[in-house]
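Encoded as structure tokens, the structure appears first; notes follow it.
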Amino acid sequence: MKIGIAILGAGRWGVNLIRNFLEHPNSKVLAIVDPNPDSLARVQKLFHLNSEVILASNWAEVQELPGLEAVAIATPASTHYTLTAAALKSGYHVLVEKPLALKLSEAIELCELAEKQQRQLFVDHTYLFHPAVDRGQTIIQQNKLGKLRYGYAQRTHLEPVRHDVDALWDLAVHDIAIFNTWLQQTPIQVSAIGTVFRKEEGSSATDYVTDVTDVKKTKEGRRKKEEGINKQEIQNPLSPTMFALNPLEGLADLVWVTLTYPDGFQAFIHLCWLNPDKQRRLTVVGSLGTLIFDEMSPKTPLILQRGNSPYQNEENSSFVRAIAPHKTSVRNREVLKLESIEPLRRVCDRFLNCVQTNTPCPTSSGSASVELIRILSALSRSIQLGGQTSITNHS
Numbered sequence: 002m003k004i005g006i007a008i009l010g011a012g013r014w015g016v017n018l019i020r021n022f023l024e025h026p027n028s029k030v031l032a033i034v035d036p037n038p039d040s041l042a043r044v045q046k047l048f049h050l051n052s053e054v055i056l057a058s059n060w061a062e063v064q065e066l067p068g069l070e071a072v073a074i075a076t077p078a079s080t081h082y083t084l085t086a087a088a089l090k091s092g093y094h095v096l097v098e099k100p101l102a103l104k105l106s107e108a109i110e111l112c113e114l115a116e117k118q119q120r121q122l123f124v125d126h127t128y129l130f131h132p133a134v135d136r137g138q139t140i141i142q143q144n145k146l147g148k149l150r151y152g153y154a155q156r157t158h159l160e161p162v163r164h165d166v167d168a169l170w171d172l173a174v175h176d177i178a179i180f181n182t183w184l185q186q187t188p189i190q191v192s193a194i195g196t197v198f199r200k201e202e203g204s205s206a207t208d209y210v211t212d213v214t215d216v217k218k219t220k221e222g223r224r225k226k227e228e229g230i231n232k233q234e235i236q237n238p239l240s241p242t243m244f245a246l247n248p249l250e251g252l253a254d255l256v257w258v259t260l261t262y263p264d265g266f267q268a269f270i271h272l273c274w275l276n277p278d279k280q281r282r283l284t285v286v287g288s289l290g291t292l293i294f295d296e297m298s299p300k301t302p303l304i305l306q307r308g309n310s311p312y313q314n315e316e317n318s319s320f321v322r323a324i325a326p327h328k329t330s331v332r333n334r335e336v337l338k339l340e341s342i343e344p345l346r347r348v349c350d351r352f353l354n355c356v357q358t359n360t361p362c363p364t365s366s367g368s369a370s371v372e373l374i375r376i377l378s379a380l381s382r383s384i385q386l387g388g389q390t391s392i393t394n395h396s
């Protein structure tokens with residue numbers, strides 16, 4: 002039996018969700034919600050939607066739709082908490098675009114609510130379903146890179162930019178999630194610095210939640226809650242009540258991130274909305290080779306570059322001596338074959354399976370997302386403190 006689903010948000014990513022759920026044999030799109038009538042008209046024309054698919058301007062119009070079992074949320078990040086909570090309270094399973102929420106306390110609250118309601122909370126961390134990430138994890142598990150030394154990633158483009166979150170919250174979660182997956186660890190220390198070039202106020206993006214909650218009351222309650230944070234909580238970057246967004250005059254367009262893992266591995270991430278060249282590249286360097294995931298090279302997205310190091314068997318060799326041979330003694334460069342499947346297709350398929358079985362997906366469960374938000378919150382605090390290192394304590 003097909004699962005009835007409503008999709009909230011018909012923007013750039015929402016269109017991809019609509020396409021996948023329309024094409025999936027186990028789902029039936031019952032409604033599409035977007036406050037912009039032009040967006041609704043566009044998807045109706047693009048997908049030749051029949052009259053059975055309801056097009057609505059806000060969530061309240063379809064909240065009690067007969068046959069509705071699940072909700073997919075692809076709206077601005079600032080609306081995720083409110084919409085996800087409303088859907089869970091109404092008894093629906095939820096697939097929500099990253100980030101799950103903008104505050105650690107809210108992310109934890111949503112996980113507890115999903116458990117209480119016995120509903121699945123699935124966060125769309127699409128890259129974790131990319132064939133290159135699967136294959137890369139296998140390569141690392143097979144020890145083909147040897148001892149892992151360090152990693153680096155670039156995730157940059159020239160627009161689009163967000164108006165409710167900074168470049169850290171918009172972009173970093175992808176690379177952090179990949180590093181965590183490949184290393185099978187989470188960082189114990191993090192630091193970040195951010196720079197603001199565009200100075201404009203963020204958008205509250207409340208149109209989706211009109212008539213669902215009293216927006217003014219919600220804002221006032223959050224303001225009081227934020228003002229009530231005591232000094233001890235402010236000093237703790239991982240406090241569940243910590244306000245995630247940084248206090249710079251505007252939203253950081255350029256962010257540099259450093260992650261330090263328990264075994265000493267370090268990852269460095271460059272994030273930017275203002276680069277003229279679009280980059281989606283992540284690299285892990287080991288004593289025996291280097292793994293490169295470059296999404297902008299569709300014909301060769303995953304490359305294993307093997308190196309022959311005369312120092313690879315010396316336990317106490319210096320870091321520089323261990324990695325330098327890759328520049329001078331490259332033996333071969335292998336383009337790794339990958340399964341041909343759209344990552345978002347796998348996301349939708351896994352979500353529908355979770356709904357059918359009412360069991361969580363370890364890769365993209367709410368609890369897995371909480372740990373990523375914990376890291377993002379610590380990084381935001383580091384930006385606030387001018388790059389000061391934050392120690393991460395995971396529950």
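My numbering applies: residue 2 is where the sequence shown begins, and numbers increase by one.
Note that the Cβ used here is the ideal one computed from N, Cα and C, for glycine as well.
In this text the structure is predicted, and so the values were computed from the model without any measurement.
{"Query": "Three-state secondary structure assigned by DSSP to Y93", "Result": "coil"}
{"Query": "Selection from R199, T139, Y262 that minimises the alpha carbon distance to N181", "Result": "Y262"}
{"Query": "T284 beta carbon less than 7 Å from that of F269", "Result": "no"}
{"Query": "F174 versus P302 - alpha carbon distance", "Result": "Note that residue 174 corresponds to Val in the displayed sequence, not to Phe. Using only the alpha carbons, I get a separation of about 20 Å."}
{"Query": "Cβ neighbours of V348 in the same chain (closer than 7 Å, five flanking residues each side left out)", "Result": "D125, T127, F130"}
{"Query": "Candidates C355, R281, T358, Q357, of which the one nearest A154 by Cα", "Result": "R281"}
{"Query": "C-alpha distance - I8 paired with A75, whole-angstrom precision", "Result": "7 Å"}
{"Query": "Supposed contact pair I141 and A71 - C-beta distance, whole angstroms, cut 8 Å", "Result": "Contact doesn't hold; Cβ gap of about 34 Å is too wide."}
{"Query": "Nearest candidate by alpha-carbon position, reference P26, set L184, G265, I4", "Result": "I4"}
{"Query": "Residues that DSSP places opposite G287 in a beta bridge", "Result": "L149"}
{"Query": "Helix, strand or coil at K117 [DSSP, three-state]", "Result": "helix"}
{"Query": "Three-pair Cβ contact test at 8 Å for the segment 105-116 versus the segment 145-160", "Result": "no"}
{"Query": "Proximity test, I4 beta-carbon vs the ligand ADP heavy atom, cut-off 6 Å", "Result": "Among the components modelled here there is no ligand, and therefore nothing to report on the ligand ADP."}
{"Query": "For V258, three-class secondary structure by DSSP", "Result": "strand"}
{"Query": "Beta-ladder partner(s) of A268, from DSSP", "Result": "G152, L260"}
{"Query": "Contact under 7 Å by Cβ, A88 with I55", "Result": "no"}
{"Query": "Sequence-distant residues of its chain with Cβ nearer than 8 Å to S391 (five each side left out)", "Result": "Q190, V191, S192, P238, L239, A379, L380, R382, S383"}
{"Query": "Beta-bridge pairing of D125 - partner residues as DSSP gives them", "Result": "E98"}
{"Query": "Inter-residue CB distance, G147 and G290 (contact presumed, cutoff 8 Å)", "Result": "7 Å"}
{"Query": "Backbone secondary structure at R199 - three-state DSSP", "Result": "coil"}
{"Query": "Helix, strand or coil at I304 according to DSSP, with G and I counted as helix", "Result": "strand"}
{"Query": "Secondary structure of V348, DSSP reduced to three states", "Result": "helix"}
{"Query": "Bounding residues of the beta strand (DSSP E) (the contiguous stretch that carries K29)", "Result": "28-34"}
{"Query": "T83 versus S58, E110, S365, residue with shortest Cα-Cα distance", "Result": "E110"}
{"Query": "Chain-order list of residues whose beta-carbon lies under 6 Å from that of E315 (same chain, five-residue window excluded)", "Result": "With a pLDDT of 47 at E315, under the threshold of 50, the predicted position of this residue should be treated as unreliable, though the coordinate-derived value follows. Answer for E315: no residue qualifies."}
{"Query": "Span of the alpha helix (DSSP H) around A11", "Result": "Per DSSP, A11 belongs to no alpha helix (DSSP H) and is neither H nor E."}
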